[in-house]
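Written out as structure tokens, the structure is:
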């Protein structure tokens, strides 16, 4: 659905986007992750035909964003970083205007606007002036605007910014429901958002793609080892010695003071589950096993790891 | 066409929900009414003085003199009003970020530009219609030459077309309405004052300066003479403004 090849954008001699390539399949939700200024917004602006690339190509639904800009624009719903709202208009007349310039036929316009307002739950403010709405409502009017005319591709630049936790949840589930019929690209720097909503993640830093995988895949890829946290009631040194002797254990690190019970982190070889053996070892020695759990690397670790690598 | 209409409609609405439309209309009507009144009393006074010299004096075309001086002052009042109509057209879109919506929706730059330009022209025509109320009093109490008056309005309309296109262009250059209005006003003022420089010049320089003066071309229209060379001047001026607007919007994509 979306094909980006060797995309580069130079601003005043600085490369904001540097040779980015990725593909998004129909019905997929792709998360764009990166620190501020990484090039997320620039990439999205190129995809939505707001600005041309310096080099490389981008195609949406088979149309080149530069050659067939009009065809691409007909198929994209775009929520920019700052929702593009006319503050003096009422919510309904604003959506009516957007539907008109997006070419929604007049017979379908009203039902379509009602539908979009219901999806983003802004029906109760339909007659209110946009400038007087709270940030959360404004953001949702922005999302509603992007959904108008049922675009095949949705490009959402930080769609949940400024929303309260309940609204964030609503917008996320809205986006999840959109997948399938629509192809979605969303950018964010909220990490749980990506693992919750996206099928695939592209992490970019300084204009370059540093990683691209499913959220789970990324987490595994970075782990390198299975880690298990234990809380054992017994003499620390003896516990350490016994556990290190278990086959497959790479290291045992005690945490905190040497008091009893002692907290330890055990690192094991990848793709092994030693929890049963470790438990048996502790119990056979007559020590108390108070806690045992696997630690999975969070996307956060992955992100920080990738971004700070250089 | 439909896109242009949608943008025109939105622009008209936004004129009338913001105070700009009301302020501009009120001030324009007050000033034109005030000038109309003072011109009328001055003309009547002078004709009365003349008639005191005896019945032999020349008859005076009161409505003609009134309408001529009225169009003259109106053109100056418009000089101040027109920058207000165009200041926000693109500057406000840039400031609010709605330009991103316009440029990423399936609307061409030309359609967006024309929608806005036509909205400002429509507003200008509304101002003319409103000022026509004062003119109607001439028809009640006298028999003015309606063709001359129509010619005057036609001239003012062309003059408005030219200045609005200039203002539209300047509005694409900044995201600040105040900067937009000041630059537009300054530019128009220079184009107006060129006339006074021309009095000191001679030969070709004088001809060129006279030709450039934006208000000089109005004189014939106000007298009721419709000369194609003046029409060409204003139309070229307007097309030039629109061309620059188009180019400026196009280059915004490359720069931003």
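Residue numbers (the numbering used here), protein chains in the order written: chain A, 853 to 1162; chain B, 1023 to 1278.
Heads up, the beta-carbon is just placed ideally off N, CA and C, and yes, glycines get one too.
- When secondary structure is reduced to three states using DSSP, residue 1255(B) falls in the helix class.
- Within a 10 Å sphere around the beta-carbon of residue 1189(B) sit 16 or more other beta-carbons, which makes this residue buried.
- A residue is called buried once 16 or more other Cβ atoms fall within 10 Å of its Cβ, and residue 1067(B), having fewer, is exposed.
- When secondary structure is reduced to three states using DSSP, residue 1118(A) falls in the strand class.
- Boundaries of the beta strand (DSSP E) around residue 1060(A): 1060–1065.
- Listed in chain order, the non-local C-beta contacts of residue 1020(A) below 7 Å within the same chain comprise 1012, local neighbours out to five positions each way being set aside.
- In the three-state DSSP reduction, residue 1042(A) falls in the coil class, being neither helix nor strand.
- Per DSSP, the continuous alpha helix (DSSP H) segment holding residue 964(A) begins and ends at 958–971.
- For the stretch 1200–1224 of chain B, there is no continuous alpha helix (DSSP H) assignment of 4+ residues that stays within its boundaries.
- Listed as beta-bridge partners of residue 1105(A) by DSSP are 1117(A).
- The beta carbon of residue 1141(A) is closer than 7 Å to those of 1084, 1131, 1134, 1135 in its chain, skipping five residues each way along the sequence.
- At least 8 Å separates the CB of residue 1046(B) from every CB of chain A.
- A Cβ-Cβ contact shorter than 8 Å links residue 940(A) with residue 981(A).
- Inter-segment contact for the stretch 947–958 of chain A and the stretch 892–905 of chain A is absent: fewer than three beta-carbon pairs are separated by less than 8 Å.
- If you look at residue 855(A), you'll find it in the beta strand (DSSP E) that goes 854–863.
- From the listed residues 1111(B), 1091(B), 1234(B), the smallest Cα separation to residue 1056(B) is found for 1091(B).
- For the C-beta of residue 1025(B), the chain A residues within less than 9 Å are, from N- to C-terminus, 952, 953, 955.
- Judged by DSSP in its simplified three-state form, residue 945(A) adopts helix.
- Contact between the stretch 873–891 of chain A and the stretch 1032–1045 of chain A is established, with three or more Cβ pairs separated by less than 8 Å.
- Rounded to the nearest angstrom, the gap between the Cα atoms of residue 996(A) and residue 944(A) is 11 Å.
- Taking 9 Å as the Cβ-Cβ cut-off, the stretch 1116–1134 of chain B approaches chain A at 1118, 1119, 1120, 1121, 1122, 1123, 1124, 1125, 1126, 1127, 1128, 1129, 1130, 1133, 1134, given in chain order.
- Using beta-carbon distances, residue 1091(B) does not count as an interface residue toward chain A, since no partner is under 8 Å.
- Along the stretch 1104–1134 of chain A, none of the residues has a CB nearer than 8 Å to a CB of chain B.
- If one requires a minimum length of 3 residues, the beta strand (DSSP E) runs lying completely within the stretch 1123–1151 of chain A are 1140–1147, in chain order.
- Fewer than three pairs of CB atoms, one per stretch, sit closer than 8 Å, so the stretch 1138–1150 of chain B makes no contact with the stretch 1219–1229 of chain B.
- In the structure shown, residue 1058(B) adopts helical secondary structure according to DSSP, grouped into three states.
- Taking all protein chains in view, the Cβ of residue 1225(B) is surrounded by fewer than 16 other Cβ atoms within 10 Å, so the residue is classified as exposed.
- Residue contact with chain B for residue 925(A): present (Cβ-Cβ distance below 8 Å to some residue of chain B).
- Comparing C-alpha distances from residue 1042(B) to each of 1167(B), 1075(B), 1136(B), 1109(B) shows the shortest one belongs to 1109(B).
- Nearest Cα to residue 1271(B) within the set 1125(B), 1119(B), 1053(B): 1125(B).
- Taking 8 Å as the cut-off, the beta carbon of residue 1105(B) is found closer than this to the beta carbon of residue 1207(B).
- Under the three-pair Cβ rule at 8 Å, the stretch 1022–1029 of chain A does not count as touching the stretch 861–873 of chain A.
- Close to residue 1036(B), with beta-carbon spacing below 8 Å, are these residues of chain A in chain order: 938, 940, 941.
- Per the C-alpha coordinates, the member of 911(A), 1091(A), 917(A) positioned closest to residue 902(A) is 917(A).
- The beta carbon of residue 1026(B) is closer than 6 Å to those of 1133, 1136, 1137 in its chain, skipping five residues each way along the sequence.
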